[in-house]
Structure formats: structure tokens, C-alpha cells
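Those protein sequences? They're chains A and B, same order as listed. In terms of this note's numbering, the first sequence opens at residue 2 and continues consecutively. In terms of this note's numbering, the second sequence opens at residue 42 and continues consecutively. For glycine and all other residues, C-beta sits at the position ideal for the given N, C-alpha and C.
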Amino acid sequence: MNDKNSLNAEERTLAEMLTATAAQVEVRASFQKELEKKLMNTHKPKTGFGLFSFGKTVSILGSALGLAALALIFIWAIRAIAPKPQPAMENLPAPECPVTTPNGSIPPGETMADEGYLGNGKIWTSLWPEGKIIMYSYNRNADGSLSMKWLWWRGVSGPLSIEGRRLDAEAEPLRSFISSGYGDTDFQVSELIFPTTGCWEVTGHVGDASLTFVTEVVFEEATPTPAPTITAESTLIPPTATFEILPTASSTLFRDDFEGPLNDNWQWTHENSEQWKLTDNGWLEIMVSYGIINNSNMDNLLLRQAPTGNFELETRLKFSPTEASQMAGLLIYENNSNYAEFVHGVCLTSSCIGDEFHFDQMTRGSFIEENFATTAFNTDTVYLRLRFEGDTFTAYASENGTEWKLIGTHPKKIQPLFIGLFAGGSFDRSALIPAQFDYFAVNALP
Amino acid sequence: MTTTMTTHPHSPPADEVDLARQARTDAEAFGELYRRHVTRVYRYHMAHTGNVKDAEDLTSQTFMAALEGIGSFRGSGSFAAWILGIAARKKAMFFRRIKPEVQIEAADQIPSPNLLTDQLANQRLRLDSITRALKQISPERADAIALCFFSELTYAEVGVVLNKSESAAKMLVTRGLQDLRKRTSLAFEVEP
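Next comes the structure, spelled out in C-alpha cells:
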């Protein structure tokens, strides 16, 4: 602790004045918010929850579209590595589209290079590589239009307005959404809504200033997946011929419906008895806690010994995560540094989808590269399955318990000593929400 | 006025080492660290630059550099000292490379929405005086003053940033205050 014994009265008063003056210096809220977004979206995670590998272009692109409007550098990198567009039924040819090329003018306040910058000293934006905006299914709106987050910088003061028209065919004019809260100058996020694909001229206006560019909009039916073992957008079919939609009783090794006291042989790790309960209608409820498994600070891991041989875990989960990193689901566990988790959760980093299923394997304290994320279903109650077969872990999710969506497959890199349920991961100690499990079943597999 | 030099109980929160470890791979964790420390970084830069634009730019540079280098934070010292070390280097580069002297008269208004206009004016003038005065004493002592009073680091943390012992850091602060009193007009600011 600092002291003031060596100071005379005058110096002490001076020290107090310095402290008081400093205390009145506040960070502009808009600046703080913008910088935080920039940092969040510039962050280049390695792997893991919210940290999915670069190879998961699906996840990255999805999150960039939904969450990372400010992730200029990151988005550019992803655009750059995305596969070239393949011919698609919906793509209207626009061979003559005179796309605008970037001029390298760096927007005010930006310190990092971006090959896509286009500016005229008053307004700046960032263009897609080769002047081509690649849309995917998650860009499509209910009316068939296609939306894309779009970044602008204003060197002059005033609100941004956007107009646009299709050059190569008749079409409704471009629509846009201008996000509020960005002040009168500098950075501004918007959403461009293209009624169709094709060749489009877009103009941004701020006061008397304007910036126009031409871009091509194309649609890709398939989602790019560079190298993951399983594509993230899998079809709703049972993944293998041996998959049992409703395992027979003989194949059930264990089942707890949480209708009464917890079944024998469960054991809590880091139990916080105030944050879990069995509900009157037969659900196990665990409050999503602060902390993560790898840091040994997550409460209420409910574990039991894993069976020998191949097996399948299944649960029905009711959970509506809202805050960053909240997650709940199934766990195959060796220790706090080695486990596989398959959860429904929220991830708000630039490399995530947002509300998603993710399937990660942690080995030696690090997530391996091939982790998976898929957009969660539009329902709060889902079925999760996690299979251990030979030398692989495979995860599936289902809305109805009948049709299963393949999430991904990991090569087994941990010892499946324990199995169970957990809910946690929140970065906000005060944002406690319940995750409810209807049952936990362990089925034998061939 | 109740604030004194004794109000610096800023031992690092126990979870900051964990947070920093998570922040290597998780932007949310980095965001939490950012929210905890952005004010002290910003105030440090305000003390030295005296204007919002440069302080914001340096704050941005500081955290962008921290993001790139988060893996180098080992937890041997506090995160506050680590991030202020980056801030100090950014500040040094700023004054060495870009501007030999900040034009105080051109300083932007310091936004403090809770203050009345006359209070804002007084606050601005006072900060201008401090920034000007800090340029009139040795850079090391000025840095120690800014780190101690604007970034609210302990003497030990100031020492980490300036690569000094705790006692040497304390001496820098003390001597800095004496310099400010004797060699600058800042003392007039606090006369009754």
C-alpha cells in the first residue's frame, strides 16, 4: 500500500488533486463500446468453445455474418480463404459487372491494413475480394432477399443513408438497415439487403458526401467446409445404418429419469448444492455457473463411471442460453484437462455462430483443432446424443428425438473414464439461468 | 477531499490469471479484462496527451497490442501492470515518432456527462495543467505520477512497469510530486 508519510502537506494536497482529477476522466461510452467490439472481433482464437478452429469456416462465416460486424480483418481473412464460388442454380450470371476495386484508403481510426478498403477522404467502406459478395443460406431472409453486414467509416459528420440499384436487370431497389448507437462520425455498421443476386451499385451518403461502389452478389447453395471430418450442416438422417433411434431395453445400460432422488453411483464434482435441484416435474435442473471445466472452477459436474465398450449418451435438454459462453450438455470426462463436451450454448466471439451446438474435445488443456459448431435449433428443448465407438466420439442433435443431425466426429484423444452432464461456462457470475435435463441414458453400442 | 495516496489497494483479482489464460483463446475473456482495465489505460494516456483523440488512439493501440501479446502474460505480476507496461511503450512511441508536443489548447472536450458545464470547464483546465506540468518534469517521474494517480497502480506495480524496485518507484512518485510543486505552476491549482 502506498503511503504519504514522506510528503508534506502541499504535496499531499497535490496528490489529492491529481487523484480527484483523474477520477473525473471518463472514457467515452461509444468509444469504449466500439473498441471492445473491435477487440472481440479481431481476436483470433485457436480452438475450443468459442474458439473453434480456423478450419471451421462454416462457423466462422456464420458468426461473422451474425455477430462480427466489426471483424474487419478477421472477416477479410475468411473471405480470402473461402472457396471460389461454384455454379449455382440461383446465381444469375453477371459477367459484365464492373465491380469496384479497393483503393487502399485507410479509414480514420483504423490502424490495421485491410486489402478491401475503399474511401474518398470523407466516407470509407470495405469491399469483398474480387468485388463479389458470397451469400449463403443463412443470409437469406424470409422474403428471399439476401442480407449482409456492411461496414462504413464517416470522416464527415452526420447520419449514414444507403441506396442501391441493380445494374444488370430489373429489380427492387436495395434496402438497408443502419445500426444506431455509432454517433455522428467514424465507424458505422449497416446491413445491406439485396432483393436479388446480380450486379449492384451501392451508394452511401453522409451529408453532402457520398461513396459509390459496384459489387456482384452471388449465392452459394453449399456451405464451404475446408477440412472438418464432418460438415457442420449435415442432413437430417440417421448417421449410420446401425444407429438405433430408440434403443431397445436390452441395449440400455443406465437411465435416470430424475423422477426421484438421483440414481446411485452419480457423483458431483465441485458440487454447489444450492445451484442444482430435481424439479417437481422430473427434471434435473443445474444453474449455469461461472467458470469452465479446464480451469477447474465450474460447479456441478454430474458424473458417473463410464461403461466398458462402445456406448451412447443421450439426454433431453431444456435450455435457453442468452449470455456469452453459457452452455449445457453431455460430457465424456477423463479429467479437467481431457474431456469431450457436446452442448447447446451461446458463443459471442467472432469465430462462433452464437446460439449453437458445439462439440469440442479438450486434450492436455487445449482444444484440438477439429472442433465443431452448428446453429442451434429454434427451440429451447433439444435431444443430444454423444457416441463413443472404437476410436471416435460422434455428436448428434435432434429436435424430436427421431431425426438426428450429425454435428461432428472427433478422433478419441482422451480416456472416457466418466460420463455425465454439466451446465456452466458463463462469464457473468450474476447471470444464472437454469439448464434442465429430462433424463440421462447410456445405451450400449456394437 | 478524501482521496489520498493511500487509496491504492489494487492487488490483482485472483481470477485475472485465469482470465488472461482464457483470453489467449477466448475473446470474451479478453473482453472482461478490457472492461476492467480500459479506464486506467485511458486515464494514463489522457494524463500524458491531454486530449481525447490521442488518448483514445493510444488506448486502442494498447489493447490491440495486448490482444496480440496476451500469450506472453504469465501472471508473475498483475495484469494491470502488464497492460500499463504496454501503454507506456505506446505512449513513448507516440511522443517519439509522431508529435514532439501535444497542443494542449487544441485538446478536445473531456466528456463527463454527469458534470455541469462549469465543472467540465474546470476539469478540462485542471487536466490541461496537469498534462502541461508533467511535461516539465523528468519523463520517468511523470510516468510514475501518471501510473500512480491516473492508473491507480500500487508502488509495486509502478515499479514493474518502470522496471524499478517498489522503493525506487515510490521515490519516483515522491520526487515527481515535489517537482510538480516546485518547478511547475501546478501548485497554484491547489492553493486554497
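Check MET149/A in the structure and name its three-state DSSP category.
Translated into positions along the first sequence, residue 149/A becomes position 148. MET149/A falls in the strand class under three-state DSSP.
Is the beta carbon of ILE124/B sitting closer than 8 Å to the one on ALA96/B?
By 1-based counting over the second sequence, the position of residue 124/B is 83. By 1-based counting over the second sequence, the position of residue 96/B is 55. Their beta carbons are not under 8 Å apart, which means ILE124/B does not touch ALA96/B by this criterion.
Does the structure place the region 371 to 390 of chain A close enough to the region 334 to 350 of chain A that three or more beta carbon pairs sit under 8 Å?
Touching, per the Cβ criterion.
For PHE114/B, tell me which candidate among LYS223/B, LEU60/B, ILE186/B and TYR196/B has the shortest Cα-Cα distance.
As a working mapping, residue 114/B is identified with position 73 in the second sequence. Per the Cα distances, LEU60/B.
Closer than 7 Å by beta-carbon distance: list the chain B residues that pair up with GLN33/A, in chain order.
Here residue 33/A is taken as the residue at index 32 of the first sequence, counted from 1. In chain order: VAL79.
Work out the CA separation of SER148/A and THR453/A for me, nearest whole Å.
A question about residue 453/A goes unanswered here, because the residues of chain A that appear run from 2 up to 447.
Could you tell me the distance, in whole angstroms, from the CA atom of SER235/A to the CA atom of ALA374/A?
Within the first sequence, residue 235/A is the residue found at index 234, counting from 1. Within the first sequence, residue 374/A is the residue found at index 373, counting from 1. With a pLDDT of only 30 at SER235/A, under the threshold of 50, the placement of this residue in the model should not be trusted, and no figure is reported.
Whole-angstrom Cβ separation of ILE293/A and TRP277/A, contact assumed at under 8 Å?
Locating residue 293/A in the first sequence gives position 292, counting from the first residue. Locating residue 277/A in the first sequence gives position 276, counting from the first residue. Going by Cβ atoms, the distance from ILE293/A to TRP277/A rounds to 18 Å, so no, they are not a contact pair.
Could you tell me the boundaries of the alpha helix (DSSP H) in which PHE32/A lies?
Taking the first sequence and counting its residues from 1, the one referred to as residue 32/A is at position 31. Where PHE32/A is concerned, the enclosing alpha helix (DSSP H) stretches over 30 to 43.
Closest to GLY200/B by CA distance: which of ALA121/B, LYS223/B and LEU74/B is it?
Along the second sequence, read from residue 1 onward, the residue named residue 200/B stands at position 159. Nearest of ALA121/B, LYS223/B and LEU74/B to GLY200/B, Cα basis: ALA121/B.
Assuming ASP258/A and TYR440/A form a contact by the criterion Cβ under 8 Å, report the distance between their Cβ atoms to the nearest whole angstrom.
For the purposes of this step, residue 258/A is identified with residue 257 of the first sequence, where counting begins at 1. For the purposes of this step, residue 440/A is identified with residue 439 of the first sequence, where counting begins at 1. Rounded, the Cβ-Cβ distance is 5 Å, consistent with contact.
Write down the C-beta distance between GLY205/A and ILE107/A rounded to the nearest angstrom, noting that I regard them as a contact closer than 8 Å.
Here residue 205/A refers to the residue found at position 204 of the first sequence. Here residue 107/A refers to the residue found at position 106 of the first sequence. Not really, about 17 Å apart at Cβ, beyond 8 Å.
Kindly indicate which three-state DSSP category LEU161/A falls into: helix, strand or coil?
Taking the first residue of the first sequence as position 1, residue 161/A is located at position 160. If DSSP states are grouped into helix, strand and coil, LEU161/A belongs with the strands.
Output the boundary residues of the alpha helix (DSSP H) element that contains PHE71/B.
The sequence position of residue 71/B within the second sequence is 30, counting from 1. That run of the alpha helix (DSSP H) goes 68 to 90.
Exposed or buried, what is THR380/A when buried is set at 16 or more other beta-carbons lying within 10 Å of its beta-carbon?
Translated into the one-based positions of the first sequence, residue 380/A becomes position 379. With fewer than 16 Cβ atoms within 10 Å of its Cβ, THR380/A is classed as exposed.
Give the range of the alpha helix (DSSP H) segment to which PHE208/B is assigned.
In the second sequence, the residue the question calls residue 208/B occupies position 167. According to the sequence displayed, residue 208/B carries Ser and not Phe. Run containing SER208/B: 207 to 224, per the alpha helix (DSSP H) assignment.
For MET363/A, go through chain B and note every residue whose CB falls closer than 8 Å to its CB, in chain order.
Here the question's residue 363/A lines up with position 362 in the first sequence. Under the 8 Å cutoff, chain B gives no residues; its nearest Cβ is about 11 Å from MET363/A.
Where does ASP258/A fall in DSSP's three states?
Stepping through the first sequence from its first residue, residue 258/A is reached at position 257. The answer is coil: DSSP assigns ASP258/A none of H, G, I, E or B.
So, for ARG182/B: in the same chain, excluding its five sequence neighbours on each side, which residues have a beta-carbon less than 7 Å away from its beta-carbon?
Stepping through the second sequence from its first residue, residue 182/B is reached at position 141. If we look at ARG182/B and ignore the five residues flanking it on each side, its Cβ neighbours are LEU213, ARG216, GLY217 and ASP220.
Between PHE135/B and chain A, is any beta-carbon pair separated by less than 8 Å?
Residue 135/B sits at position 94 when you count from the first residue of the second sequence. Not closer than 8 Å to any Cβ of chain A, the Cβ of PHE135/B fails to qualify, so no.
If I'm right that PRO417/A touches ASP392/A with Cβ under 8 Å, what's the distance once you round it to whole angstroms?
For the purposes of this step, residue 417/A is taken as the residue at position 416 of the first sequence. For the purposes of this step, residue 392/A is taken as the residue at position 391 of the first sequence. Going by Cβ atoms, the distance from PRO417/A to ASP392/A rounds to 11 Å, so no, they are not a contact pair.
List, in order along the chain, the chain B residues whose C-beta lies closer than 9 Å to that of LEU168/A?
Translated into positions along the first sequence, residue 168/A becomes position 167. Ordered by position in chain B, no residue passes the 9 Å Cβ test against LEU168/A, which lies about 38 Å from the chain.
Mind listing, in chain order, the continuous alpha helix (DSSP H) runs of no fewer than 4 residues lying wholly within the region 370 to 417 of chain A?
If we require 4 residues or more, the region 370 to 417 of chain A turns out to have no alpha helix (DSSP H) run fully inside it.
Closer than 6 Å by C-beta to TYR196/B: which residues in its own chain qualify, once you throw out the five before and the five after it? Chain order, please.
Position 155 of the second sequence holds residue 196/B. Excluding residues within five positions, the ones whose Cβ falls inside 6 Å are GLU207, ALA210 and LYS211.
Evaluate the contact criterion for the region 296 to 312 of chain A versus the region 266 to 284 of chain A: three or more CB pairs, one atom per stretch, below 8 Å.
The region 296 to 312 of chain A, when compared against the region 266 to 284 of chain A, does touch it at the 8 Å Cβ threshold.
Taking 7 Å as the line, does the beta carbon of THR380/A fall inside it for any heavy atom of the ligand SAH?
Inclusion of the ligand SAH in the displayed structure is not the case, the ligand content being empty and no account of it being possible.
For GLU12/A, which residues in the same chain have their Cβ closer than 7 Å to its Cβ, ignoring the five residues on either side in sequence?
Residue mapping note: residue 12/A aligns to position 11 of the first sequence, counting from 1. So the list is empty, once near-sequence residues are dropped.
Could you name the residues of the region 67 to 97 of chain B whose beta carbon sits closer than 8 Å to any beta carbon of chain A, in the order they occur along the chain?
For the region 67 to 97 of chain B, which is checked against every Cβ of chain A, the residues closer than 8 Å are ASP67, ALA68, GLU69, ALA70, PHE71, GLY72, GLU73, TYR75, ARG76, VAL79, THR80, TYR83, ARG84, MET87, ALA88, VAL93 and GLU97.
If we ignore side chains and look at the alpha-carbon of each, how far apart do SER427/A and TRP129/A end up?
Residue numbering aside, residue 427/A sits at position 426 when the first sequence is read from its first letter. Residue numbering aside, residue 129/A sits at position 128 when the first sequence is read from its first letter. Answer to the nearest angstrom: the Cα atoms are 35 Å apart.
Would you mind telling me which residues of chain A sit closer than 7 Å to GLN219/B, beta carbon to beta carbon, in chain order?
The residue given as residue 219/B occupies position 178 in the second sequence. Simply GLU12.
Relative to the C-alpha of PHE178/A, which candidate in TRP201/A, ALA172/A, ARG166/A and LYS150/A has its C-alpha closest?
Taking the first sequence and counting its residues from 1, the one referred to as residue 178/A is at position 177. When each option's Cα is compared against that of PHE178/A, the closest is LYS150/A.
Quick one, which residues of the region 16 to 27 of chain A are near chain B if we go by CB-CB under 8 Å, in chain order?
Cβ contacts with chain B: ALA16, GLU17, MET18, LEU19, THR20, ALA21, THR22, ALA23, ALA24, GLN25, VAL26 and GLU27.
Taking LYS132/B as part of the alpha helix (DSSP H), name the residues at either end of that continuous run.
Position 91 of the second sequence, counted from the start, is the residue given in the question as residue 132/B. LYS132/B -> alpha helix (DSSP H) spans 120 to 134.
Sort SER338/A, VAL203/A, SER158/A and SER191/A by Cα distance to LEU168/A and report the nearest one.
Translated into positions along the first sequence, residue 168/A becomes position 167. Selected option, being the one with the closest Cα: VAL203/A.
For PRO196/A, which residues of its own chain have a beta-carbon under 6 Å away from its beta-carbon, when the five flanking residues on both sides are left out?
The residue given as residue 196/A occupies position 195 in the first sequence. Closer than 6 Å at the Cβ level, and outside the excluded window around PRO196/A, lie SER146, ALA172 and GLU173.
For PHE191/B, which residues in chain C fall below 8 Å Cβ to Cβ?
In the displayed structure, chain C is absent; the protein chains listed are A and B.
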